[in-house]
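I have placed the structure first, in the form of structure tokens, so that the comments after it can refer back to it.
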Amino acid sequence: MRNVVLSAALALALLSSPTFAQDAKPAALPGGAQSLNEEHGDWTVSCRIQDAAKLCVMSQTLADSRSGQPVLSVELATPAVDRAEGMLLLPFGLRLADGAVLKVDGKNIGANWPFLTCIATGCLVPVVFDASQISALRAGTDLVIGAANAGTGEAVELKLSLAGFSRAANRSVELSL
Numbered sequence: 149m150r151n152v153v154l155s156a157a158l159a160l161a162l163l164s165s166p167t168f169a170q171d172a173k174p175a176a177l178p179g180g181a182q183s184l185n186e187e188h189g190d191w192t193v194s195c196r197i198q199d200a201a202k203l204c205v206m207s208q209t210l211a212d213s214r215s216g217q218p219v220l221s222v223e224l225a226t227p228a229v230d231r232a233e234g235m236l237l238l239p240f241g242l243r244l245a246d247g248a249v250l251k252v253d254g255k256n257i258g259a260n261w262p263f264l265t266c267i268a269t270g271c272l273v274p275v276v277f278d279a280s281q282i283s284a285l286r287a288g289t290d291l292v293i294g295a296a297n298a299g300t301g302e303a304v305e306l307k308l309s310l311a312g313f314s315r316a317a318n319r320s321v322e323l324s325l
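Residue numbers for the sequence shown follow my numbering, so the first one is 149 and each next one is one higher.
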């Protein structure tokens with residue numbers, strides 16, 4: 149369900165984006181496949197052909213070590229080597245008005261990122277990364293996503309590995325062409 153919602157939200161955003169305008173050649177994946185999944189470090193690149201369009205994203209999910217339930221998911225499309233856009237799915241119980249803070253190796257990348265809405269599986273934060281932010285992500289070790297606990301105001305930090313981010317981003321761009 150989580151992947152369907154994230155993919156649907158991302159597909160809607162991407163298909164309406166001018167960077168994803170269709171050209172005259174038909175969409176195709178290597179070997180004529182209709183879908184593919186590849187692992188690049190801690191990141192997964194997934195592509196599929198849908199309605200004659202090629203949709204490729206890179207993603208990572210952080211699960212609770214005790215329950216195995218997803219706590220955080222990130223799904224990004226890479227229309228160019230120096231740009232990425234997508235969604236974060238964060239857990240319930242966060243102070244939505246404060247937004248989220250993203251840090252690469254302890255350094256903020258951008259201002260607070262506002263929440264868009266909450267759905268049955270968590271709360272969505274749309275992200276668009278520019279060239280300098282992508283450069284930081286490619287060179288970094290960890291991406292920490294922080295927000296305030298809705299009840300106590302205490303900081304909640306969720307850490308994702310950036311191992312393989314650069315390779316996954318390059319591959320996602322390559323497959324998107």
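Glycine included, C-beta positions come from ideal geometry on N, C-alpha and C.
Residues bridged to residue i (per DSSP)
i, result
"T209", "S221"
"V321", "Paired residue(s): none; V321 is not in a bridge."
Separation of residue j from residue i, as counted between CA atoms
i, j, result
"P218", "L237", "9 Å"
"L308", "R196", "25 Å"
"A172", "A200", "With a pLDDT of only 41 at A172, under the threshold of 50, the placement of this residue in the model should not be trusted; the figure read from the coordinates follows. C-alpha separation (whole angstroms): 11 Å."
"T265", "V273", "8 Å"
"A298", "G270", "14 Å"
"G189", "A311", "5 Å"
"V193", "R214", "26 Å"
"G288", "A259", "18 Å"
"A181", "Q281", "32 Å"
"A211", "V222", "12 Å"
Reference residue i, options the options, closest by Cα
i, options, result
"D246", "V229, G216, A295", "A295"
"W261", "G270, T269, A248, C271", "A248"
"E302", "G241, T226, L177", "G241"
"S207", "A279, L244, A317", "A317"
"K255", "I293, L184, E187, F313", "I293"
Near the ligand HEM: residue i beta-carbon under 7 Å from a heavy atom
i, result
"G254", "In terms of ligand content, the structure shown is empty, and the ligand HEM therefore cannot be addressed."
Expected contact under 8 Å - CB spacing of residue i and residue j to nearest Å
i, j, result
"A232", "F263", "Between F263 and A232 the Cβ distance is about 19 Å, and since that is not below 8 Å, they are no contact."
"I257", "A284", "5 Å"
- Where are the alpha helix (DSSP H) runs, 4 residues long or more, that stay fully inside the region 269-299, in chain order? 279-287
- Query: Residue ranges of each beta strand (DSSP E) run of no fewer than 3 residues wholly in the region 213-266, ordered along the chain?
  - Reply: 218-228, 231-238, 249-252
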